[in-house]
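Inspection log for the structure reproduced underneath, given as structure tokens.
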Amino acid sequence: MNALPSEIDFSAPSEVVARLLIGAVLTVDGVGGRIVETEAYDREDPASHTFSGPTPRNAVMFGPPGHAYVYRSYGIHWCLNFVCREAGHGAGVLIRAIEPLTGIDVMRERRGLEPVKLLCSGPGRLGQALGITHRNNGMALTQPPFQVEAAGEAFPIVSGPRIGITKAMEVPWRFGLAGSKFVSKPFPKAQ
DNA sequence: AGCCGGATCGTCT
DNA sequence: GACGATCCGGCTC
């Protein structure tokens, strides 16, 4: 009844890709799980790193789609994005939370003993649990250590305002798997 | 359950 | 020199 998982078209608009990624399975060196929360960012988007044009930091986001854009957050965390749209556009999807499925022991080594629920619940935690660093910046998502398997079925999706931004707060480009206990924060009015 | 401050540093003004 | 696409611990209600 389910169609075979098809490849995700990263050249689509970031808000489309952000929805497609809900339910997809992401692993890094075999460690990962089901994506349950994403956020879309785009070039004409005041909340996006690319809003003010290309810089050394955001260069990867202006490169070809289907690559990893990794940035340092608050001087502490590494956050993982997938580049979208055509090369030169400057759009991407922030991976905010996954439901851990494989390599949970490795995640615990990296993050310490804590409930599975919290291992990848938020972009900083996810980055640490999956071992993401600046070395992953610019890497193709079709090549090791990355593996992205598209969802084989349509998952129920909720949406709402993005987290932790101060601009374009009215844009509802945060997406989540409806009812998931692994999202970083509840969605307004959802379920 | 919710608010507050500290940690920590690359990036851009 | 200021500011984060954040997390965590400690405190209060």
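Add 83 to the 1-based position in the first sequence for the working numbering, that's all there is to it.
Heads up, the beta-carbon is just placed ideally off N, CA and C, and yes, glycines get one too.
Treat the numbers as computed from the prediction; the structure is a model and nothing was measured.
Please identify the residue among the options whose C-alpha is closest to the C-alpha of residue i.
{"i": "D128", "options": "I105, S156 and P255", "result": "P255"}
{"i": "A95", "options": "D125, V114 and R117", "result": "D125"}
{"i": "P244", "options": "P139, P228, K272 and F145", "result": "K272"}
{"i": "I215", "options": "V100, F93 and V114", "result": "V114"}
{"i": "S242", "options": "I91, R117, E90 and A123", "result": "A123"}
{"i": "H160", "options": "Q226, G210, E169 and R257", "result": "G210"}
{"i": "G42", "options": "F145, Y157 and E192", "result": "Absent from the model: residue 42. The displayed extent of the chain is 84 to 274, so no value can be given."}
{"i": "R102", "options": "Y154, F134 and A234", "result": "A234"}
{"i": "A237", "options": "R140, G173 and I105", "result": "I105"}
{"i": "K264", "options": "P198, V231, I246 and I248", "result": "P198"}
{"i": "I187", "options": "R117, H132, P269 and F134", "result": "R117"}
{"i": "T138", "options": "E120, G149 and G173", "result": "G173"}
{"i": "P269", "options": "G205, S97, M144 and H132", "result": "G205"}
{"i": "V100", "options": "Y154, H132, V166 and V153", "result": "V166"}
Give the straight-line distance between the Cα atoms of residue i and residue j, rounded to the nearest whole angstrom.
{"i": "M222", "j": "A151", "result": "5 Å"}
{"i": "V176", "j": "K250", "result": "17 Å"}
{"i": "F93", "j": "T225", "result": "11 Å"}
{"i": "L163", "j": "P227", "result": "15 Å"}
{"i": "P147", "j": "R191", "result": "33 Å"}
{"i": "G261", "j": "L201", "result": "Before going further, note that residue 261 is Ala rather than Gly in the sequence given. Going by the C-alpha atoms only, they are around 17 Å apart."}
{"i": "H217", "j": "A170", "result": "21 Å"}
{"i": "N27", "j": "P239", "result": "The chain is shown from 84 up to 274; residue 27 falls before or after that span and cannot be answered."}
{"i": "N141", "j": "L213", "result": "21 Å"}
{"i": "M252", "j": "R194", "result": "31 Å"}
{"i": "N85", "j": "R257", "result": "Bear in mind that the predicted position of N85 carries a pLDDT of just 49, short of 50, making it too unreliable to give a figure here."}
{"i": "V231", "j": "E120", "result": "15 Å"}
{"i": "I248", "j": "I91", "result": "27 Å"}
{"i": "F145", "j": "L196", "result": "38 Å"}
{"i": "T185", "j": "V153", "result": "22 Å"}
{"i": "H132", "j": "R155", "result": "12 Å"}
Three-state secondary structure (DSSP) at residue i?
{"i": "S204", "result": "strand"}
{"i": "A233", "result": "coil"}
{"i": "G106", "result": "coil"}
{"i": "G210", "result": "helix"}
{"i": "S298", "result": "Residue 298 falls outside the range modelled here, since the chain spans only 84 to 274, and no answer is possible."}
{"i": "R257", "result": "strand"}
{"i": "E98", "result": "helix"}
{"i": "A142", "result": "helix"}
{"i": "R126", "result": "coil"}
Continuous beta strand (DSSP E) assignments of at least 3 residues falling wholly in the stretch 144 to 199: 151 to 156, 160 to 167 and 174 to 185
For the stretch 179 to 187 against the stretch 104 to 115, are there 3 or more C-beta pairs whose distance is under 8 Å? yes
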